[in-house]
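Residue numbers are given in this note's numbering: position 95 of the sequence shown equals residue 856, and the series is strictly consecutive.
All C-beta atoms, glycine included, are put in the ideal place defined by N, C-alpha and C.
As the structure is a computational prediction, the values presented were derived from the model and not from experiment.
First comes the structure, then the notes that go with it.
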Amino acid sequence: GVCVQTETVLRQAIAERIKPVLFMNKMDRALLELQLDAEDLYQTFQRIVENVNVIIATYNDDGGPMGEVRVDPSKGSVGFGSGLHGWAFTLKQFAEMYAAMFKIDVVKLMNRLWGENFFNPKTKKWA
C-alpha cells in the first residue's frame, strides 16, 4: 500500500513543483511471497497507482503551473523493481523489447501493457 511517508513526500514534491514519479519496490516479495495470480497482482499494482493519484489530486491543481502530474505506468512515470536485488524496469523498457516482435509502435504497446488489455498467446491477438 501507500505509506504515510509517501503521502508526505508527494505533498512536499507538489508544493515545490516537482513532478512525481512512483517506484513500486519489493516486487520480489510481491511475486515470491504473496504468490498472487497475474490478474490479482495487476489489481494490487493498479490500486497502489490509484491511491497515489488520489493523493496527488488532493494536493495538485491540474490547472496550475505543473498541469496534470498523475502517475501512469503507460506513460513511463511508474517503475517496478527490487532495491534489495538491484533490478527495476518500466513498461517502456518492456515495450521497447517486444515492439518488434509484435510489429507495433512502442507507445501503442505501452498503452496495451497497462489497463484492460489482454494478450491471447494462442491467437496472438490483443483483446
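Check for me: the alpha helix (DSSP H) holding residue i runs from which residue to which?
i	result
residue 788	788-793
residue 861	852-863
residue 802	799-820
residue 832	It is not in any alpha helix (DSSP H) - residue 832 carries neither H nor E in the DSSP assignment.
residue 765	765-776
So, are the CB atoms of residue i and residue j less than 8 Å apart?
i	j	result
residue 789	residue 843	yes
residue 819	residue 837	no
residue 847	residue 782	no
residue 809	residue 831	no
residue 780	residue 827	yes
residue 860	residue 874	no
residue 871	residue 853	yes
Does the Cβ of residue i have 16 or more other Cβ atoms within 10 Å, making it buried, or fewer, making it exposed?
i	result
residue 813	buried
residue 862	exposed
residue 821	buried
residue 771	buried
residue 799	exposed
residue 919	Summary: the structure shown does not reach residue 919, with the chain confined to residues 762 through 888, and so no result is reported for it.
In the DSSP assignment, the beta strand (DSSP E) including residue i goes from what residue to what residue?
i	result
residue 871	Not the beta strand (DSSP E): residue 871 falls in the alpha helix (DSSP H), residues 867-873.
residue 783	783-785
residue 843	839-843
Looking only at C-alpha atoms, which of the options sits nearest to residue i?
i	options	result
residue 811	833, 829, 766 and 824	833
residue 825	778, 877, 764 and 787	778
residue 762	791, 879, 877 and 773	791
Using DSSP bridges, identify the partner residues of residue i.
i	result
residue 886	881
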